[in-house]
Amino acid sequence: MPRNEPSRPACLRDGSLGFAPSTGVRLAPELLVSELFRELGYGDSRNLECSKQRDLRDAVNDDSISDPERLLLDTCRGEERGRRGSSIHHFYAPAYPGLSRHAWLRPKSDRTMRAYFLGGPLAHEKARGRLRQASRRRVVNALIGNNSAHVENDCHGKEILSLIALQERNDPPASDIADHLDAALKPRSTLLGGHHDPLAQLLCEDFLEICSLEGGVPRREWLFFLAAYLRIATAMWMLAHLQATVFLRDWLLDACERSGRLPTLEKVQSKLVERYKRLLHPSSSPTREVAQHVENYMQSRVELRLMVQELEGTHSGKFRSASGDPRRLSLTSEGASWLPLSKLLELARGMEWPRITGGERVRLWLTRSAEGWPAWRSPRARGQGKNIDEFLRVLRLDADDSGSGLLDSDRRGAMKIVPGHRLLQLFAFLATKRKVRAKHPQDGGKLVLRDIESHLYEYGIDFRSSSYGRPLLMEKLVEGGLLVGSPDAGESAEVLNPVGN
Numbered sequence: 000m001p002r003n004e005p006s007r008p009a010c011l012r013d014g015s016l017g018f019a020p021s022t023g024v025r026l027a028p029e030l031l032v033s034e035l036f037r038e039l040g041y042g043d044s045r046n047l048e049c050s051k052q053r054d055l056r057d058a059v060n061d062d063s064i065s066d067p068e069r070l071l072l073d074t075c076r077g078e079e080r081g082r083r084g085s086s087i088h089h090f091y092a093p094a095y096p097g098l099s100r101h102a103w104l105r106p107k108s109d110r111t112m113r114a115y116f117l118g119g120p121l122a123h124e125k126a127r128g129r130l131r132q133a134s135r136r137r138v139v140n141a142l143i144g145n146n147s148a149h150v151e152n153d154c155h156g157k158e159i160l161s162l163i164a165l166q167e168r169n170d171p172p173a174s175d176i177a178d179h180l181d182a183a184l185k186p187r188s189t190l191l192g193g194h195h196d197p198l199a200q201l202l203c204e205d206f207l208e209i210c211s212l213e214g215g216v217p218r219r220e221w222l223f224f225l226a227a228y229l230r231i232a233t234a235m236w237m238l239a240h241l242q243a244t245v246f247l248r249d250w251l252l253d254a255c256e257r258s259g260r261l262p263t264l265e266k267v268q269s270k271l272v273e274r275y276k277r278l279l280h281p282s283s284s285p286t287r288e289v290a291q292h293v294e295n296y297m298q299s300r301v302e303l304r305l306m307v308q309e310l311e312g313t314h315s316g317k318f319r320s321a322s323g324d325p326r327r328l329s330l331t332s333e334g335a336s337w338l339p340l341s342k343l344l345e346l347a348r349g350m351e352w353p354r355i356t357g358g359e360r361v362r363l364w365l366t367r368s369a370e371g372w373p374a375w376r377s378p379r380a381r382g383q384g385k386n387i388d389e390f391l392r393v394l395r396l397d398a399d400d401s402g403s404g405l406l407d408s409d410r411r412g413a414m415k416i417v418p419g420h421r422l423l424q425l426f427a428f429l430a431t432k433r434k435v436r437a438k439h440p441q442d443g444g445k446l447v448l449r450d451i452e453s454h455l456y457e458y459g460i461d462f463r464s465s466s467y468g469r470p471l472l473m474e475k476l477v478e479g480g481l482l483v484g485s486p487d488a489g490e491s492a493e494v495l496n497p498v499g500n
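Counting in numbering that gives the first Met the number 0, the final residue of the sequence shown is number 500, and the numbers go up one at a time with none missing.
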């Protein structure tokens, strides 16, 4: 079977600067909850002994679970979903981790929640010492339920969902969940290392706020908000992470063509820190913005590999340690195992590219070389680009009638970037909590439109830069009953936080 892209140079392998783990399709946000619960409840979202994937839709239709467990699953059933011409079906979010033992991914399947959430922003914050033991305990308590019954003689005043299938659901002990959480909080890729990452910090803080919310709202309602958070946080972290490969391609190509000075470490860090900014913009008409991010990433990935292959072929000794082990690309680390980005750029600048390109400009040679690969010509239909595109469909509103999506598609598949009502409820809650954390909150702590805009902006969703952004946001807040102030007040219009009050 022909390859879709050039083979990966050793210095760009797992754990290197800009490395992007594999991902795959997730048809509904409930599947993200199930995957998270299984990762933390059982240490792996896959079943290494079963070749077939199984989700909770399969479990409710066979006799592998008890009737009380089936009833508990039905209480957290999502809306009916189905494409035109296909059958209507439901997806299920497991109310408690024990139910996730009935669903799993294939042995060779990607582990998106581990790669782009647990091993992404949460792992980065733990490495910086910000996700401490007390915070991790808060996560564990939310998963097992702060107000859940665990034995039959302790049911008075407990969460009503926890009384269903109390004996049958067989939840893993809190100590196991804590151990699996600690094991999962290992960075799956290297970007900023120990440097401050504002996106990672915000996603981690927001996740902890979601976990704290669990004890204050009904469990079923909390699961819907957890699903809404996971879909937007994981997708935006992924889109931001893909930008690193685009930046690396640009820096390396400029070095090859000797276009100006090499970027300083400060410039590189600043660019990586701000990789999430202005990723998506609200649109009054269909847009290809999400698709373009995937296409830019895949084409940059192919081109980056082609340039690094030439560098490795010419300077093989620079890419290996004295013992012969390959060195991985890093931001600043140097030594037997690491090749800093500055050294790679210096090698690119010193290469005799006319000898390789036959006298052509490097950019022209690179384009002609890259267009021979399917992943460059059809970046969203071949290879990893197809997998990324399939995962990002979890943001579509037409895949979730609960209203926590971000992309609204018409019958032809054209996309508009429009937030759903439950997604705006989530951001109203998170923006309120952010104001509470601030030492000197503006507007006396009152939630206003500016706060919602700011919180969306820090996720990479920019309602500020276009004239259409704020009117659209106001329109959706009014439809959801969240705008309680006068629209004439502009950014100071008061917004309702209906969650957790």
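For every residue, glycine included, the Cβ atom is placed at its ideal position computed from N, Cα and C.
Quick one: what does DSSP say residue i is sitting in, helix, strand or coil?
i    : result
L278 : coil
N386 : helix
H88  : strand
S491 : helix
M306 : helix
L16  : strand
S283 : coil
I460 : strand
K266 : helix
R135 : helix
P186 : coil
W375 : helix
I416 : strand
P197 : helix
L344 : helix
P172 : coil
L338 : strand
R76  : strand
R395 : strand
R45  : strand
R436 : helix
R319 : strand
L482 : strand
First and last residue of the beta strand (DSSP E) that includes residue i?
i    : result
D407 : 406-408
K445 : No beta strand (DSSP E) contains K445, which DSSP labels as neither H nor E.
M350 : Neither: M350 is in no beta strand (DSSP E) and is coded neither H nor E.
S368 : Element bounds for S368: not the beta strand (DSSP E) but the alpha helix (DSSP H), 361-369.
L328 : 327-329
Could you compute how far the alpha carbon of residue i sits from the alpha carbon of residue j?
i    : j    : result
A437 : D178 : 32 Å
G23  : L391 : 9 Å
P28  : E457 : 22 Å
D461 : L30  : 27 Å
G84  : D109 : Since pLDDT at G84 reaches only 47, below the 50 mark, its modelled position is unreliable, and the value read off the structure follows with that caveat. Near 29 Å, if we compare the C-alpha coordinates of D109 and G84.
A492 : R469 : 11 Å
Y115 : A239 : 11 Å
R56  : L472 : 35 Å
C154 : L165 : 10 Å
R502 : L229 : Only positions 0 to 500 of the chain appear in this structure, which leaves residue 502 out of reach.
E208 : G119 : 18 Å
L394 : L278 : 14 Å
R304 : P197 : 29 Å
M0   : G384 : Residue placement at M0 is poorly supported in this model, since its pLDDT is 39, which falls under 50; the coordinates still yield a value, given next. Cα to Cα, M0 sits roughly 18 Å from G384.
G484 : L425 : 19 Å
Identify which residue in the options has its Cα closest to the Cα of residue i.
i    : options                : result
D73  : D62, R360, S63, H89    : H89
R219 : A321, Q291, L251, P93  : P93
R274 : T233, A226, L190, D175 : L190
M235 : H292, E204, S282, L252 : H292
H195 : A122, G402, S33        : A122
V272 : A290, G459, A19, R100  : G459
S299 : L184, T233, E370       : E370
R376 : S329, Y296, L202       : Y296
K548 : F426, L425, G444       : Residue 548 falls outside the range modelled here, since the chain spans only 0 to 500, and no answer is possible.
E309 : S341, W352, S282       : W352
R127 : L98, E288, F224, A199  : A199
L212 : N146, D61, R131        : N146
Could you tell me if the beta carbon of residue i falls within a distance shorter than 7 Å of some heavy atom in the ligand NAP?
i    : result
S341 : The ligand content of the structure shown is nil, which means the ligand NAP is not present either.
For the alpha helix (DSSP H) that residue i lies in, which residues bound it at each end?
i    : result
W221 : 218-256
L39  : 28-41
K475 : 468-478
D57  : 55-59
K125 : 122-126
Stretch-stretch touch, CB-based, cutoff 8 Å, three pairs: the segment 438-456 with the segment 312-323: no
Stretch-stretch touch, CB-based, cutoff 8 Å, three pairs: the segment 138-152 with the segment 98-109: no
Segment contact, 8 Å Cβ cut-off, at least three pairs: the segment 413-423 with the segment 474-482: Enough Cβ pairs lie closer than 8 Å, so yes.
Three or more C-beta pairs below 8 Å linking the segment 347-362 and the segment 36-56: Result no; under three Cβ-Cβ pairs closer than 8 Å.
Validate contact between the segment 199-218 and the segment 281-289 using beta carbons, cut 8 Å, 3 pairs: Contact between the segment 199-218 and the segment 281-289 is absent, with fewer than three C-beta pairs closer than 8 Å.
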